[in-house]
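Trainee: Take a look at this one; I'll ask things after.
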Amino acid sequence: MPCQNPDYKHGISYVLPLKYGPEFEHFAYANPDAPKGGIFRLPDMGTFDSFNNILEKGRVAAGFSFTGTGNVVFERLLESSADEPASAYGRLASGVDVDPDLRWVAFRLRDGAYWHDGVPITAEDVVFTFNAYKEHGSVALKTALTDLDRVEVANGRDLCFITREGAEPNPIMPFAYGAMAIQAKHYWEERDISKTTTEPPLGAGPYRLEDVDLGRALTYERVPDYWGQDLPVNRGRYNFDRLKWDYFRDEHVMLEAQKADVFDLREETVSKNWTTQYDFPAVRAGMFKADLRYITRVWGLWWPVFWNLERERFQDIRVREALYMLYDFPYINRVILFGFYEQGVSFFHNSPMAQNGVPSEDELALLEPFRDQLPPRLFTEAYLQPPSASYGFRRDRVKRALELFAEAGWVVRDGKLVNAQTGERFRIDFVFVAATLLRAMMPYIDVLNRVGIETTARSPENSHWLYRMRTGTFDGGAYLYIPNNTPGLDLRNRFGSAAAAQEFTQNWARIRDPALDHLIERAIGARTSRELYAATRAIDRVLLWKFYFIPGMAQPGYRLVHWDKFGEVPWTETGPLSRVPAIDAWWWDEAKARRVEEWLARSE
């Protein structure tokens, strides 16, 4: 029987041992003596029209994410630490135990937890939550819970998550269960959880919604009698009395608003802005900081180009390699991106999961069964980007690209690349998520047109872009890929064959590759770092050597821009972190804030 006599522990880890012991008092990056008070103001892009965080429909408000630190309203069973790659400790759960064969996960619900209306949180809330996720949740949620058969309750507070028969062992599932937002059964019994809502649902976390300007702004207030404030995972965290999000529809307007002290902190994602916009008076006076911070998270690839493989012309690997040969990232980086980015050669950049050099023996053992489906070079050569003098139009690379096109049946006639048999013109219709990305791709688009490919590109409104991705009404695109520190279900969602047939997944390239499917399952089922690294490096090589993507930029660090009003535990004391814990571990520094306020008053 599942969950018989579980041996509850204070935390769990994946691959590496836990950093914190059973008696730990607080995370190293949290200050238990931090003062409470102040307001922390943040921006978001676009708009929001729903507070139901489990659905595909609607744009969910900031603070209501169904998982992770983007959720400040709901509780979760476990809390991940920012100074470990893959560890989680009891939060709503006082203990957790995982079956050695991964057939079940047991949680013991903590006493004394209650919803914001004072009703105690029960095991029935947890059961209701996961049943609702499986029945009504987004495709991402349903995919994450595919292997969950049911949740059972014993003794009123012991929960048993049981894996379905026939499912492959998945060491990531305990973390997935532990991270998801728990919903209030008694609240939703009187409402329809399958529909979007502009009524904020009942929560149990450190903040609750205070004020809403629908689609434009949100303000949260700290719950003064929050039940979990003295838990080791929470001590010294959630220090701001208020959190406020303002929404913007334009990056430039957002930048100017921050300079005008409309909000406090954000990540700068536009390389031109980072290079040219942070020498204004407040920076020179030391009131405003622009910091490039190294963080330990897996950076992945930023905006690799991908092709819609349901288009017949992109199914030929020679065509994909030819298109890859025409892409000159060093030129784009120098001319458009101000030289800020590194050249990406891995989907797991900034981690030991990234491919490097020639395949190891462990990788070869995983790849060998698929030798006849993989390029021979994958087994013997290191993956390197073609050399470039960063001039944008390398004749040797163009020559090689046209040779590959010719081998695939595409030739140049009268300055146009056409099918040698039918005369059909080779066309590419790019659809990009943002105008800044479209601008960065213009040198590539220019080269494609110069070799005879009729190339168009557009950047529609965000919801229309997402519709185009989901419905496959495009030829080429690019997306931000930042994998989890424990890659697993996200690999299925991005690269798995099953996801290629589902409209609401993120396998927008429509990749269907048996070798990748096998390697993804090996990564998900890995029990040791050696097994995990071999699988992810092999995945890397297949994605790159089969030219499903053109790798472009890799992020060198986190570009943090903020008004200097806050306190934080110095990184010299914490060591590198996997994220910047501003929302949950910084605090209002009254002296710094007054200094900034006085400087702003003098500057008017």
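Using my numbering, read the sequence shown as starting at 130 and increasing by one per residue. Here a beta-carbon is modelled for each residue, glycine too, at the ideal position from N, C-alpha and C.
For A217, which three-state DSSP category applies?
Mentor: The residue labelled residue 217 in the question sits at position 88 within the sequence shown. DSSP places A217 in strand when its eight states are reduced to three.
Trainee: Figure out for me which residue from G219, E492, R587 and A419 has the closest Cα to the Cα of A308.
Mentor: Numbered from 1 along the sequence shown, position 179 holds the residue referred to as residue 308. Cα-wise, what sits closest to A308 is G219.
Trainee: Below 8 Å, how does it come out for the region 561-580 and the region 611-621: are there three or more Cβ pairs, yes or no?
Mentor: The region 561-580, when compared against the region 611-621, does not touch it at the 8 Å Cβ threshold.
Trainee: Per DSSP, which one or two residues make a beta bridge with P172?
Mentor: As a working note, residue 172 is residue 43 in the sequence shown. Per DSSP, D375.
Trainee: In three-state terms, what does DSSP make of Y243?
Mentor: If you number the sequence shown from 1, residue 243 lands on position 114. Looking at Y243 - three-state DSSP - the assignment turns out to be strand.
Trainee: Write down the C-beta distance between Y407 and V690 rounded to the nearest angstrom, noting that I regard them as a contact closer than 8 Å.
Mentor: Here residue 407 is taken as the residue at index 278 of the sequence shown, counted from 1. Here residue 690 is taken as the residue at index 561 of the sequence shown, counted from 1. Sure, about 7 Å apart at Cβ, within 8 Å.
Trainee: Report the option in W233, H647, I168 and A313 whose CA atom is closest to the CA atom of A494.
Mentor: In the sequence shown, counting from the first residue as 1, residue 494 sits at position 365. Checked all of W233, H647, I168 and A313; the closest Cα to A494 is H647.
Trainee: Helix, strand or coil for N548 per DSSP?
Mentor: Working through the sequence shown from its first residue, we reach residue 548 at position 419. If DSSP states are grouped into helix, strand and coil, N548 belongs with the strands.
Trainee: What separation, rounded to the nearest whole angstrom, lies between the Cα atoms of I311 and A722?
Mentor: On the sequence shown, residue 311 is found 182 positions in, with the first residue counted as 1. On the sequence shown, residue 722 is found 593 positions in, with the first residue counted as 1. Approximately 36 Å, taken between the alpha carbons.
Trainee: Between R364 and A159, which are expected to be in contact by the criterion C-beta below 8 Å, what is the C-beta distance as a whole number of angstroms?
Mentor: In the sequence shown, the residue the question calls residue 364 occupies position 235. In the sequence shown, the residue the question calls residue 159 occupies position 30. Indeed they touch by this definition, with Cβ atoms about 6 Å apart.
Trainee: Looking at the structure shown, is T405 part of a helix, part of a strand, or coil, going by DSSP?
Mentor: If you number the sequence shown from 1, residue 405 lands on position 276. Here T405 sits in helix by DSSP.
Trainee: Starting from I141, follow the alpha helix (DSSP H) in both directions and report where the run begins and ends.
Mentor: Numbered from its first residue, the sequence shown carries residue 141 at position 12. Here I141 belongs to no alpha helix (DSSP H); instead the beta strand (DSSP E) covers G140 to S142.
Trainee: Kindly examine the ligand FMN and report whether one of its heavy atoms sits closer than 8 Å to the Cβ of R237.
Mentor: You won't find the ligand FMN in this model; it holds no ligand whatsoever.
Trainee: Could you please give the first and the last residue of the uninterrupted beta strand (DSSP E) stretch that includes F236?
Mentor: By 1-based counting over the sequence shown, the position of residue 236 is 107. Here the beta strand (DSSP E) through F236 covers W233 to L238.
Trainee: Quick one: measure Cβ to Cβ for F695 and D718, integer angstroms, because I've assumed they're closer than 8 Å.
Mentor: Your numbering for residue 695 matches position 566 in the sequence shown. Your numbering for residue 718 matches position 589 in the sequence shown. Contact flag correct, Cβ pair sits at about 6 Å.
Trainee: Mind the definition here: the region 422-437 touches the region 671-688 only if three or more C-beta pairs lie below 8 Å; say whether that holds.
Mentor: Yes, they touch.
Trainee: Among residues of its own chain, excluding the 5 on either side of Y96, which ones have a beta-carbon nearer than 7 Å to its beta-carbon?
Mentor: Only positions 130 to 733 of the chain appear in this structure, which leaves residue 96 out of reach.
Trainee: Would you say the region 244-260 touches the region 458-475, given that touching needs at least three Cβ pairs under 8 Å?
Mentor: Cβ pair count under 8 Å is below three, so no.
Trainee: Mind checking which residues open and close the alpha helix (DSSP H) that includes R621?
Mentor: The residue labelled residue 621 in the question sits at position 492 within the sequence shown. Start and end: L618 to F624.
Trainee: Check whether the region 445-454 touches the region 630-644, counting contact only when three or more Cβ pairs, one atom from each stretch, lie closer than 8 Å.
Mentor: At 8 Å Cβ cutoff, the stretches do not touch.
Trainee: Relative to the alpha-carbon of F499, which residue among I668, D340, R659 and L577 has its alpha-carbon at the smallest distance?
Mentor: Working through the sequence shown from its first residue, we reach residue 499 at position 370. Taking only the C-alpha atoms, the option nearest F499 is I668.
Trainee: With DSSP as the reference, label D390 as helix, strand or coil.
Mentor: Translated into the one-based positions of the sequence shown, residue 390 becomes position 261. D390 falls in the coil class under three-state DSSP.
Trainee: Residues bridged to Y158 by DSSP?
Mentor: Position 29 of the sequence shown, counting from 1, holds the residue named residue 158. Answer is none; Y158 lacks a bridge partner.
Trainee: With DSSP collapsed to three states, give me the class of Q502.
Mentor: In the sequence shown, residue 502 corresponds to position 373, counting from 1. Residue state, collapsed to three classes: helix.
Trainee: Evaluate F193 with the Cβ neighbour count: other Cβ atoms within 10 Å of its Cβ, from every protein chain shown; 16 or more gives buried, anything less gives exposed.
Mentor: By 1-based counting over the sequence shown, the position of residue 193 is 64. The residue is buried, with at least 16 neighbouring Cβ atoms inside 10 Å.
Trainee: Can you tell me whether DSSP reads Q472 as helix, strand or coil?
Mentor: Reading the sequence shown from its first residue, position 343 is the one you call residue 472. Note: Q472 maps to strand in three-state DSSP.
Trainee: Three-state secondary structure (DSSP) at L689?
Mentor: Stepping through the sequence shown from its first residue, residue 689 is reached at position 560. L689: strand per DSSP, three-state reduction.
Trainee: Spatial neighbours of Y423 within its chain, please: CB distance less than 7 Å, with the 5 preceding and 5 following residues excluded, ordered by chain position.
Mentor: Position 294 of the sequence shown, counting from 1, holds the residue named residue 423. G686 and P705, listed in sequence order.
Trainee: Report the three-state DSSP secondary structure of M482 (helix, strand or coil).
Mentor: Within the sequence shown, numbered from 1, the residue matching residue 482 stands at position 353. Here M482 sits in coil by DSSP.
Trainee: Which two residues bound the contiguous alpha helix (DSSP H) that contains F458?
Mentor: What you label residue 458 is simply residue 329 of the sequence shown in a count that begins at 1. Start and end: F458 to V464.
Trainee: What number of angstroms, rounded off, separates the C-alpha of A628 from the C-alpha of K401?
Mentor: Translated into the one-based positions of the sequence shown, residue 628 becomes position 499. Translated into the one-based positions of the sequence shown, residue 401 becomes position 272. So the two alpha carbons sit approximately 36 Å from each other.
Trainee: Can you tell which of T327, D173 and T198 has the C-alpha that lies nearest to the C-alpha of R395?
Mentor: Numbered from its first residue, the sequence shown carries residue 395 at position 266. Taking only the C-alpha atoms, the option nearest R395 is D173.
Trainee: Please state whether DSSP places F467 in a helix, a strand or coil.
Mentor: Looking up residue 467 in the sequence shown gives position 338. DSSP places F467 in coil when its eight states are reduced to three.
Trainee: Starting from the C-beta of Q550, find all residues in its chain whose C-beta is less than 7 Å away, skip the five residues before and the five after it, and write them out in chain order.
Mentor: Within the sequence shown, the letter at position 421 stands for residue 550. Closer than 7 Å at Cβ, skipping near neighbours: G538.
Trainee: Name the two residues that bound the continuous alpha helix (DSSP H) containing I446.
Mentor: Indexing the sequence shown from 1 puts residue 446 at position 317. Run containing I446: I446 to M454, per the alpha helix (DSSP H) assignment.
Trainee: Buried or exposed for F236, going by 16 or more other Cβ atoms inside 10 Å?
Mentor: The residue labelled residue 236 in the question sits at position 107 within the sequence shown. Flag for F236 reads buried.
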